[in-house]
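Per my numbering, residue 52 is the first one in the sequence shown, and the count goes up by one each step.
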Amino acid sequence: MSHRLFDGLEQDFAPLRPLFDRAIASWQVSGELWSGVWSDVGTPQRLSELEFRLSSNAR
Numbered sequence: 052m053s054h055r056l057f058d059g060l061e062q063d064f065a066p067l068r069p070l071f072d073r074a075i076a077s078w079q080v081s082g083e084l085w086s087g088v089w090s091d092v093g094t095p096q097r098l099s100e101l102e103f104r105l106s107s108n109a110r
């Protein structure tokens, strides 16, 4: 995925779904199968929760 996908975006914060839908429709996005650990850090709260879990596991 190219950073150009975000060209013309006039807001600092915007939903990604419309951008991804357009990119998918025009074959500009691909996917990969990932069998490792994945975490949703799409909000500040979820990021904080992951950081807490990771720091707890490091002890």
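Even glycine gets a Cβ: it sits at the ideal position worked out from N, Cα and C.
Because the structure is a prediction, the values reported are computed rather than measured.
C-alpha gap between residue i and residue j, whole angstroms
i, j, result
"GLU102", "GLY87", "18 Å"
"LEU105", "SER99", "10 Å"
"PHE71", "ASP63", "17 Å"
"GLY93", "ALA65", "12 Å"
Own chain residues within Cβ distance below 7 Å of residue i, not counting five before or after
i, result
"ARG73", "none"
"LEU84", "none"
Simplified DSSP assignment, three categories, for residue i
i, result
"SER106", "helix"
"LEU84", "coil"
"PRO66", "coil"
"GLN79", "coil"
"ASP91", "coil"
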